[in-house]
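Residue numbering for the sequence shown follows the working numbering, starting at 313 and increasing by one per position.
Beta carbons: idealized from backbone N, C-alpha and C, even for Gly.
Only a predicted model underlies this, so the values are computations on that prediction, with no experimental measurement involved.
First up is the structure itself, then whatever we jot down about it.
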Amino acid sequence: MPFITMTTDFGGPAAVMKGVVWRIAPNAQITDLSYTISPQNIREAAQMLDRQVFYFPDGTIHMVVVDPGVGTARRPIAARIGSQLFVGPDNGVFTPMYERAERHGWPMTVVHTNNSRYWLPDVSHIFHGRDVFSPVTGHLAAGVPLTDLGPVITDPVRINLPRPVVSPFRVTGEVSMIFDHFGNIITNIHRDDLAQLGGAPEALNVRIGATTIRGMVNTFGERPLGTLIALIGSSGYVMLAVTNGSAAQRLRPQIGDPVTVEMFVG
Numbered sequence: 313m314p315f316i317t318m319t320t321d322f323g324g325p326a327a328v329m330k331g332v333v334w335r336i337a338p339n340a341q342i343t344d345l346s347y348t349i350s351p352q353n354i355r356e357a358a359q360m361l362d363r364q365v366f367y368f369p370d371g372t373i374h375m376v377v378v379d380p381g382v383g384t385a386r387r388p389i390a391a392r393i394g395s396q397l398f399v400g401p402d403n404g405v406f407t408p409m410y411e412r413a414e415r416h417g418w419p420m421t422v423v424h425t426n427n428s429r430y431w432l433p434d435v436s437h438i439f440h441g442r443d444v445f446s447p448v449t450g451h452l453a454a455g456v457p458l459t460d461l462g463p464v465i466t467d468p469v470r471i472n473l474p475r476p477v478v479s480p481f482r483v484t485g486e487v488s489m490i491f492d493h494f495g496n497i498i499t500n501i502h503r504d505d506l507a508q509l510g511g512a513p514e515a516l517n518v519r520i521g522a523t524t525i526r527g528m529v530n531t532f533g534e535r536p537l538g539t540l541i542a543l544i545g546s547s548g549y550v551m552l553a554v555t556n557g558s559a560a561q562r563l564r565p566q567i568g569d570p571v572t573v574e575m576f577v578g
């Protein structure tokens, strides 16, 4: 049986969805990738997936239920992208996966999972996570071919994911994720973007709102407790943190707030 991950904005584990999967695929191994996506925040879910899913074994099925359009005309879909499978709403949440496939030349098949044979018998208008996506995931895990779930589509919904603007002395990006547990603020500025600025990390200033962090560091322990710092996070993106504290509580950012990294002058 393949591995299955679950990503939701529910704020807690969705045990009933796991139960539906296990009734169909009793030996499936399920783990929560995240259940703390900001409510209805498709863009945050998309960027989190992009930074996490390819650490999982080939054949892993990633079920995503961040679905503000549940019960509307938006399509339920499933996809094979490279060596991974995805199940969720056709609302753009898989945009980074499509872009990766195109960038690397990976095979990609997306289907509209409208074959109700693979849904629960009674489908709620407001809980497709339980009644559509979970059984579809279970059937995939049990070996049902992707194309049995519905017709192939070539026009999955995509969303605009802003890219940093890089100039000779400055990179301008934005807040892309906020980790509630530690309060770390993740941006969409990658270490590769900073390479074009030149200079050592300590020569770079990071600005968010009216706050400027002078000089980036490599680890949390390089500054005293309670210090607001900027560093490269584990996924390669610029991150703001407070040593043994919460940058989110201190700065109160919103997804999309501008963040600038620039060479220190003076």
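The alpha-carbon of F322 is positioned some 23 Å away from that of T425.
Its chain contains P447, V448, H451, V456, D460, L461 as the residues whose beta carbon lies nearer than 8 Å to that of Y430, once the 5 sequence neighbours on both sides are disregarded; these appear in chain order. Here Y549 is buried. Its C-beta has 16 or more other C-beta atoms within 10 Å. Here S488 has R355, E356, Q359, I498, T499, N500, Y549, I567 as same chain residues with Cβ atoms under 8 Å from its own Cβ, once five neighbours each way along the sequence are excluded. For the pair L361 and T317, the CB atoms are not nearer than the 7 Å cut-off.
The segment 418-489 is shown to contain whole beta strand (DSSP E) runs of 3 or more residues at 420-424, 477-479, in chain order.
Taken atom to atom, the span from the alpha-carbon of A385 to that of H437 is near 11 Å.
Residue pairing by DSSP places M575 opposite L516 in a beta bridge. Taken atom to atom, the span from the alpha-carbon of G324 to that of L543 is near 29 Å. For the pair V382 and H440, the CB atoms are nearer than the 7 Å cut-off. In the DSSP assignment, M375 falls within the beta strand (DSSP E) that extends over 373-377. Residue pairing by DSSP places I544 opposite V550 in a beta bridge. When H416, G400, G521, V405 are compared, the shortest CA-CA separation from R470 is found for V405. With the rule of 3 Cβ pairs closer than 8 Å, the segment 362-376 counts as touching the segment 391-403. Taking all protein chains in view, the Cβ of G485 is crowded by 16 or more other Cβ atoms within 10 Å, so the residue is classified as buried. Taking C-beta separations shorter than 7 Å and ignoring five residues to either side along the sequence, the partners of T407 in its chain run A358, R470, I471, L473, following chain order. DSSP places V399 in no alpha helix (DSSP H) but in the uninterrupted beta strand (DSSP E) bounded by 396-401. The Cβ atoms of G495 and A413 lie no closer than 7 Å to each other.
Its Cα nearest to that of F315, the residue F368 stands out among R363, F368, V332. Spanning the alpha carbons of A522 and V571 requires a straight line of approximately 10 Å. Boundaries for I501: no alpha helix (DSSP H) harbours it, while the beta strand (DSSP E) harbouring it runs 496-502, taken from the DSSP string.
In the three-state scheme derived from DSSP, where H, G and I count as helix and E and B as strand, L506 is classed as helix.
Around the C-beta of D434, fewer than 16 other C-beta atoms lie within 10 Å, and the residue is accordingly described as exposed. It is roughly 19 Å from the alpha-carbon of V554 to the alpha-carbon of A515.
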